[in-house]
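Here the sequence shown is numbered in my numbering, starting from 107 and rising by one per residue.
A short write-up of the structure that comes next.
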Amino acid sequence: MNLIFLGPPGAGKGTYASRLGIRLDIPHISTGDIFREEMKKQTELGKLAASYINKGNLVPDEVTIDIVKKRLSEPDCEKGFILDGFPRTIAQADGLEHAEIKIDHVFNFLVGEEVLIKRMSGRRTCKRCGAIYHIETLKPKTPGICDKCGSELVQREDEKPEIIKDRLRVYEEKTAPLIDYYRKRGLLIDTDGDRPIDVVVDELVSIIQ
Ligand code: AMP
107 MNLIFLGPPG AGKGTYASRL GIRLDIPHIS TGDIFREEMK KQTELGKLAA SYINKGNLVP
167 DEVTIDIVKK RLSEPDCEKG FILDGFPRTI AQADGLEHAE IKIDHVFNFL VGEEVLIKRM
227 SGRRTCKRCG AIYHIETLKP KTPGICDKCG SELVQREDEK PEIIKDRLRV YEEKTAPLID
287 YYRKRGLLID TDGDRPIDVV VDELVSIIQ
């Protein structure tokens with residue numbers, strides 16, 4: 107089962123993809139996670155990605171398409187995969203088609219802008235282990251400290267309010283056209299992303315099966 111999760115930043119794609127990946131036993135592939143990992147290791151790719159990500163812009167298509175094609179050729183993708191945050195432009199979607207990578211469903215997560223901003227701006231990430239919290243909905247036991255490893259929680263550079271606005275603008279301009287792209291191909295399924303996680307994931311499973 108080859109799936110794409112589409113939706114604005116903050117729509118919950120990563121959370122739903124990681125849960126569904128476990129239920130279906132297929133890998134959850136997040137281009138954002140791949141870039142952040144490279145940034146942490148301060149590789150050339152990481153430095154390049156940071157120069158776009160920290161300003162709320164998209165990493166160039168050629169770089170991103172190559173990374174995804176390489177990842178999808180690994181053996182664990184044979185049974186299927188969930189692409190979370192890719193494609194984000196028409197050129198990236200065309201890249202998948204040209205590589206003859208077949209897609210079964212594209213889930214389009216719908217969430218209002220106010221909720222998106224609240225979700226993203228309240229998110230805090232552990233500097234060391236990457237665990238994610240939220241200042242209102244998923245508080246750590248001690249404010250500012252990770253429950254799992256005791257390290258400091260920080261706000262990601264691209265989750266600061268001024269950058270969030272840029273990301274939402276980039277989404278509307280570059281990524282939202284993919285809704286029509288996949289609707290025309292009969293692959294798009296609209297999903298209300300503003301519901302409890304389990305309810306959303308159960309619905310996805312029942313649609314797929
Ligand atoms: P995410 O964690 O999916 O919200 O991604 C964080 C950031 O990584 C995005 O705001 C982009 O700057 C970059 N990024 C992730 N996926 C892509 C992609 N498919 N194309 C270009 N840039 C991406």
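Using N, Cα and C, we set each Cβ at its ideal position, and we do this for glycine too.
Since the structure is predicted, the reported quantities are computational estimates derived from the model, not experimental observations.
- DSSP, read as helix, strand or coil, puts residue 260 in strand.
- By the CB criterion at 8 Å, residue 187 and residue 297 fall outside the cutoff.
- Of the residues assessed, residue 292 falls on the exposed side of the cut-off, its CB having fewer than 16 other CB atoms within 10 angstroms.
- For residue 155, same chain residues with a beta-carbon under 7 Å away, outside a window of 5 residues either side, are 141, 144, 145 and 165 in chain order.
- The Cβ atoms of residue 194 and residue 135 do not sit closer than 8 Å to each other.
- Here the alpha carbon of residue 226 sits roughly 27 Å from the alpha carbon of residue 108.
- A distance of 8 Å or more separates the beta carbons of residue 299 and residue 123.
- Taking residue 272 as the centre and dropping the five residues before and after it, the same chain places the C-beta of 162 closer than 6 Å to its C-beta, in chain order.
- Taken from the Cβ of residue 264, at least one heavy atom of the ligand AMP lies inside 7 Å.
- According to the DSSP assignment, residue 239 belongs to the beta strand (DSSP E) that extends over 238 to 240.
- By the neighbour-count criterion, in which 16 or more other beta carbons inside 10 Å mark a residue as buried, residue 281 falls on the buried side.
- Proximity of the segment 254 to 263 to the segment 223 to 241 meets the contact definition, three or more beta-carbon pairs being nearer than 8 Å.
- Note that the segment 245 to 256 does not touch the segment 202 to 221; fewer than 3 beta-carbon pairs, one per stretch, sit closer than 8 Å.
- Considering only 313, 308 and 307, the residue with the shortest C-alpha distance to residue 294 is 313.
- The segment 182 to 259 is shown to contain whole alpha helix (DSSP H) runs of 4 or more residues at 196 to 204 and 219 to 227, in chain order.
- The beta-bridge partner set that DSSP reports for residue 135 consists of 189.
- 8 Å or more divides the Cβ of residue 310 from the Cβ of residue 196.
- Taking the Cα positions, residue 129 is about 22 Å away from residue 138.
- 8 Å or more divides the Cβ of residue 269 from the Cβ of residue 223.
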